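In the working numbering, the protein residues as written are 813 to 1084.
This is the structure we're talking about:
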């Protein structure tokens, strides 16, 4: 089942990259994007195409999360980073190549470790509440940072906030799907709120910066948050060796560092 889950997650990453490029193009057609003008996005054919592809992405991710632990599935989302970076690059510079390779290698190492060490667990209401509180705090920090920045930095702050929210979404999706046929209404409601808020952050991120930076920000942060919740709060890392935990820390740092370099690359490109 884990193998099927990994295939679904990889396909979802491809859909994520394609959907992001189309939605970014659609958002750029709407000037001064605000919540009150969000309805104008549906008039963009490219934005709607991107939305439909992302629906397929969501279905694949739900299937993957129903078949394997959060800490195994979530990191594979970051494979969208090299796909979209290469697809959009007019020329592959050394800095861009290093940023993409470091971020991707960090996530691949991360998922390799979790795939061998993580064990499936259930999500208790207490843990869901703890995770929600931590996520809200992190999102508020990102919202404040986005308020006082522009361009690539604003896009990175918004995508980081989306990544934090989507990390919680991954955990709640697993809670909802594994509890069926019983419906976990509290988790379902929290899932909907977190998903919609994260989606809005991403649209604002597209309006502020390039899609590969937005995708990189949310897809790197998303699995790290989801895996941290899974390992530390849900106990998916029970029995994990100290060496494995050190490997997770190093790979997470590599993934985040690659994303920061990618943000620097775009900022320098704009200023130049």
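Quick reminder that beta carbons are idealized off the backbone N, C-alpha and C, glycines included.
Values in this document were obtained by computation on a predicted structure and should not be read as measured data.
If you run the structure through DSSP and keep just helix, strand and coil, what is residue i?
i	result
residue 905	coil
residue 962	coil
residue 894	helix
residue 1031	helix
residue 1021	coil
residue 995	coil
residue 854	helix
residue 872	helix
residue 1046	coil
residue 1053	coil
residue 880	coil
residue 833	helix
residue 1037	helix
residue 842	coil
residue 815	helix
Taking 6 angstroms as the cut-off, does the CB of residue i come closer than this to any heavy atom belonging to the ligand NAD?
i	result
residue 973	In terms of ligand content, the structure shown is empty, and the ligand NAD therefore cannot be addressed.
Which whole-angstrom value describes the C-beta separation of residue i and residue j, a residue pair presumed to lie in contact below a C-beta threshold of 8 angstroms?
i	j	result
residue 1007	residue 981	5 angstroms
residue 912	residue 897	5 angstroms
residue 858	residue 878	About 31 angstroms; that fails the 8 angstroms criterion.
residue 984	residue 963	The pair is not a contact, with the Cβ atoms about 32 angstroms apart (cut-off 8 angstroms).
residue 999	residue 940	6 angstroms
residue 821	residue 920	Between residue 920 and residue 821 the Cβ distance is about 12 angstroms, and since that is not below 8 angstroms, they are no contact.
residue 1073	residue 910	7 angstroms
residue 1033	residue 976	6 angstroms
residue 922	residue 1060	6 angstroms
residue 880	residue 814	5 angstroms
Report yes or no: do three or more beta-carbon pairs, one from the segment 888-900 and one from the segment 815-828, lie closer than 8 angstroms?
-> yes
With a cut-off of 8 angstroms, do at least 3 Cβ pairs link the segment 1062-1076 to the segment 945-955?
-> no
Is there contact between the segment 953-972 and the segment 1021-1034, where contact requires at least three CB pairs shorter than 8 angstroms?
-> yes
Contact the segment 1009-1018 vs the segment 868-877: 3+ CB pairs below 8 angstroms = no
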